[in-house]
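Structure first, commentary second.
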Amino acid sequence: MTDLLFLAFAAVTIGAAILAIEARDLVYGAAALGIAFLGVAGLFFLLDAAYVGWFQIAVYIGAVVVLILFTVMLVGPKMGEAPLGLKRVSLLAAILVSLLLGMTGALANATAFPGKDSCGSGCDLYLLSTSLLKNYGVQLEFMSLVMAAAVIGALALSKTDRGP
Amino acid sequence: MLGPLQPLIDMVTSPLFLMIVLFPGLTSIAIIGALLGWLERKVTARVQLRIGPLYASPAGGILQMFADLIKLSFKELFVPENSDAFFFIMAPTTGLVIGAALVGLIPFAPGLQIANIEVGLPAFLAIITLSPSLVLLAGWSANSKFPFIGGLRALFQQTAYEIPLWLSALGVIMMAGTLNLAQIVAAQSTGWFIIPQALGAFIFLVTSVAEMERLPFDLPEAESEIMMGWQAEYPGVLFLAAQGPGFVKLYAFSALFTTIYLGGFLGPSLLPPLFWMLSKTLVVIILIMLLRSTFPRVRLDQLLRAGWTTLLTLAIVNIGITYLLVVGLPTF
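Line order of the protein sequences matches chains A and B. Start counting the first sequence at 420; every next residue gets the next number (the working numbering). Start counting the second sequence at 430; every next residue gets the next number (the working numbering).
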């Protein structure tokens with residue numbers, strides 16, 4: 420059952436990530452990115468890290484995808500108009516996605532979320548908070564750069580040759 | 430005896446299946462959603478000294494929404510020309526699924542909860558963060574001016590009010606020391622959280638009204654400015670699917686407010702816990718409906734300034750107060 424679920428989530432994640440890069444319309448690309456993030460959240464649930472999974476949904480879909488959609492719709496190409504420099508951007512996106520997949524792969528083993536501080540089936544909130552702030556404080560700060568990355572990425576994606 | 434049908438019958442009669450299908454699951458969500466539509470019209474009418482729905486019913490027009498439902502489902506279903514059909518249809522239907530998922534996390538009575546997960550409160554708030562992108566996609570896909578303006582307004586408003594919403598819920602988590610909604614209710618057996626968390630409850634109520642796009646924060650719909658905003662182009666059944674999540678969210682948010690601030694299903698044991706839960710939820714719903722008929726609509730700049738400055742500051746102050754209540758004065 421777990422294997423089947425893992426395969427399903429992995430297939431959804433990879434398929435949606437490919438669609439996110441290859442979609443002609445940037446809005447479809449952003450929506451596919453959201454589906455890919457949902458797949459990653461599903462992988463976290465399989466690893467019994469529900470807390471990480473829900474925050475994956477809240478931050479990546481609730482904020483990053485929304486930022487990208489927002490920028491694309493406000494300053495991006497009009498419906499049907501092709502965006503500029505799709506090749507270079509897709510190369511960059513491919514690198515980013517492979518990094519993401521690599522990170523997910525590195526996390527996806529049984530020792531990645533040991534003990535009760537992952538807030539899965541048994542949740543000790545005190546233990547979770549201490550380990551988040553003491554053991555993973557630096558990583559958490561680096562992860563907050565993701566918002567800045569999302570804004571810059573969305574602006575780069577939305578570039579057209581329409582002129583000023 | 431029944432042979433191959435036995436597993437199927439076992440599944441259909443299992444408590445979880447009945448909860449998902451009947452109460453608090455899908456059937457009850459649909460019926461309560463429709464009844465809330467009627468209640469809203471009736472309450473607004475009473476405040477404005479009108480009668481409201483009257484004819485479609487045995488009592489006080491209670492079947493009005495069901496009549497509307499039948500009317501809307503027989504209307505012609507079409508997708509506007511030059512619109513993006515995929516997102517035009519997907520966005521409101523996914524919105525309905527999200528609204529129903531919210532109700533599944535609420536504990537209505539001991540054991541009467543579809544998904545009793547450890548991280549119930551963050552899960553509820555995380556599911557809510559999915560709705561701005563859906564509204565934006567719905568507004569964009571219609572390829573029409575007013576829906577697009579409505580979608581952008583929804584995005585501005587919901588992203589600005591999500592942060593105070595999360596921070597005000599943090600106060601409750603600090604008081605209860607758990608993220609599980611059933612345990613948060615249990616932690617209130619000594620006293621409801623609305624008393625120590627009065628400021629937090631106020632912020633939570635205001636931000637959740639903004640998240641639900643209800644008056645005085647109904648800018649994305651604003652029928653007198655942008656003619657229903659992002660819902661303007663929806664025909665027949667799709668209009669129903671676009672309107673439905675609003676009422677389901679009203680139900681879910683009021684139930685969540687009851688759960689985390691008003692002691693959930695706790696109450697004198699004269700009556701069953703379910704009665705207390707539903708009656709408290711009804712009080713919160715009527716309170717939110719009265720806001721609709723009492724306050725005028727705010728402007729977008731006022732709304733955003735209040736969200737990013739006043740409410741955010743108040744939410745952080747509330748966390749400070751909660752720290753003092755839980756931990757006490759810091760010792761050096």
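Even for Gly, the Cβ is constructed at its ideal location relative to N, Cα and C.
Exposed or buried, residue i, counting other C-beta atoms within 10 Å across all chains shown (16 or more means buried)?
| i | result |
| --- | --- |
| ARG643 of chain B | buried |
| ASN747 of chain B | buried |
| ILE460 of chain B | exposed |
| ALA598 of chain B | buried |
| LEU716 of chain B | exposed |
| LYS504 of chain B | exposed |
| PHE515 of chain B | exposed |
| ILE624 of chain B | exposed |
| LYS574 of chain B | exposed |
| PHE446 of chain B | exposed |
| LYS709 of chain B | buried |
| ILE571 of chain A | exposed |
| MET566 of chain A | exposed |
| GLN731 of chain B | exposed |
| GLU469 of chain B | buried |
| ILE543 of chain B | buried |
| ALA681 of chain B | buried |
| GLU652 of chain B | exposed |
| LEU531 of chain B | buried |
For residue i, which option in the options has the closest C-alpha, if you only look at C-alpha atoms?
| i | options | result |
| --- | --- | --- |
| ALA469 of chain A | B:GLY490, B:LEU563, B:ALA463 and B:LEU608 | B:LEU608 |
| LEU457 of chain A | A:VAL446, A:VAL471, A:LEU445 and A:ASP444 | A:VAL471 |
| PRO697 of chain B | B:SER618, B:PHE646, B:TYR680 and B:ARG721 | B:SER618 |
| ALA529 of chain B | B:LEU729, B:SER573, B:TYR590 and B:ALA670 | B:ALA670 |
| ALA429 of chain A | A:ALA442, A:LEU466 and A:LEU574 | A:LEU466 |
| SER457 of chain B | B:LEU648, B:LEU707 and B:PRO487 | B:LEU707 |
| ALA616 of chain B | B:THR751, B:TRP737 and B:GLY693 | B:GLY693 |
| ALA449 of chain A | A:LEU424, A:ALA482 and A:ASP422 | A:ALA482 |
| TYR672 of chain A | A:TYR479, A:VAL491 and A:THR421 | The shown model of chain A, from 420 to 583, leaves out residue 672 of chain A, and the question about it has no answer. |
| LEU566 of chain B | A:ILE437, A:LEU445 and A:ASP422 | A:LEU445 |
| ILE480 of chain A | A:ILE433, A:PHE489 and A:GLY453 | A:GLY453 |
| THR739 of chain B | B:VAL635, B:GLU650, B:VAL564 and B:SER683 | B:VAL635 |
| ILE499 of chain B | B:THR751, B:PHE668 and B:PHE577 | B:PHE668 |
| THR432 of chain A | A:ARG443, A:LEU423 and A:ALA451 | A:ALA451 |
| TRP473 of chain A | B:GLY620, B:PRO645 and B:ILE556 | B:ILE556 |
Keeping to the same chain, check which residues put their C-beta closer than 8 Å to that of residue i; ignore five residues upstream and five downstream.
| i | result |
| --- | --- |
| ILE514 of chain A | none |
| VAL601 of chain B | LEU550, ILE613, PHE622, GLN626, GLY629, ILE689 and TYR690 |
| LEU679 of chain B | LEU465, MET641, ARG643, ILE714 and ILE717 |
| VAL476 of chain B | LEU719, SER722 and THR723 |
| PHE425 of chain A | LEU462 and LEU465 |
| LEU733 of chain B | PHE585, GLN586 and ALA589 |
How would you list, in chain order, the residues of chain A whose beta-carbon sits under 9 Å from the beta-carbon of residue i?
| i | result |
| --- | --- |
| GLY606 of chain B | LEU544 and TYR545 |
| THR710 of chain B | Within chain A, no residue comes near THR710 of chain B; the closest Cβ sits about 24 Å away, beyond 9 Å. |
| THR558 of chain B | ILE476, ALA477, VAL478, ILE480, GLY481, ALA482 and VAL485 |
| LEU565 of chain B | VAL485, LEU488, PHE489 and MET492 |
| THR588 of chain B | GLY481, ALA482, VAL485, LEU486 and PHE489 |
| TRP569 of chain B | VAL446, LEU488, MET492 and MET498 |
Which same chain residues end up closer than 6 Å to residue i when comparing Cβ atoms and leaving out the 5 residues on each side of it in sequence?
| i | result |
| --- | --- |
| LYS471 of chain B | GLY481 |
| PHE633 of chain B | SER597 |
| SER486 of chain B | LEU492 |
| LEU462 of chain A | PHE428 |
| VAL526 of chain B | none |
| ASN528 of chain A | Any reading at ASN528 of chain A must be qualified, since the residue scores a pLDDT of 48, below 50, and its modelled position is unreliable; the value itself is stated next. Result list for ASN528 of chain A: empty, nothing under 6 Å. |
| LEU488 of chain A | ALA449 |
Taking Cβ-Cβ distances shorter than 9 Å, what residues in chain B pair up with residue i?
| i | result |
| --- | --- |
| TYR584 of chain A | Residue 584 of chain A is absent from the model: chain A starts at 420 and stops at 583. |
| VAL565 of chain A | Within chain B, no residue comes near VAL565 of chain A; the closest Cβ sits about 15 Å away, beyond 9 Å. |
Using the beta-carbon of each residue, which ones in chain A are nearer than 8 Å to residue i?
| i | result |
| --- | --- |
| ALA555 of chain B | TRP473, PHE474, ILE476, ALA477 and GLY481 |
| PRO561 of chain B | GLY481 and VAL485 |
| GLU591 of chain B | GLY481 |
| TRP737 of chain B | None at all; the shortest Cβ gap to chain A is about 15 Å. |
Using a cut-off of 8 Å between C-beta atoms, extract the partners of residue i located in chain B.
| i | result |
| --- | --- |
| LEU452 of chain A | Here the premise fails: no neighbours, minimum Cβ distance about 11 Å. |
Quick one: which chain A residues come within Cβ less than 7 Å of residue i?
| i | result |
| --- | --- |
| THR531 of chain B | Rather than Thr, the amino acid found at residue 531 of chain B in this sequence is Leu. The contacting residues do not exist; LEU531 of chain B stays about 13 Å from chain A at best. |
| ILE584 of chain B | The question names Ile, yet the displayed sequence has Leu at residue 584 of chain B. The contacting residues are VAL485 and PHE489. |
List, in order along the chain, the chain D residues whose C-beta lies closer than 7 Å to that of residue i?
| i | result |
| --- | --- |
| VAL431 of chain A | No chain D appears in the structure shown, which is made up of the protein chains A and B. |
If you drop the 5 nearest sequence neighbours on each side, which residues of the same chain put their C-beta closer than 7 Å to that of residue i?
| i | result |
| --- | --- |
| SER570 of chain B | SER512, ASP513, PHE516, PHE517 and ALA520 |
| VAL755 of chain B | MET603 and MET604 |
| ASP647 of chain B | ARG726 |
| LEU741 of chain B | ILE592 and PRO593 |
| THR523 of chain B | LEU563 |
| THR558 of chain B | GLU591 |
4-residue-minimum alpha helix (DSSP H) runs that sit fully inside the region 619-682 of chain B, ordered along the chain: 627-640 and 652-655
Residue ranges of each alpha helix (DSSP H) run of no fewer than 4 residues wholly in the region 523-556 of chain B, ordered along the chain? For secondary structure counted as the alpha helix (DSSP H) over 4 or more consecutive residues, the region 523-556 of chain B holds no complete run.
Complete alpha helix (DSSP H) runs within the region 703-742 of chain B (minimum length 4 residues, chain order): Runs of the alpha helix (DSSP H) inside the region 703-742 of chain B: 729-734.
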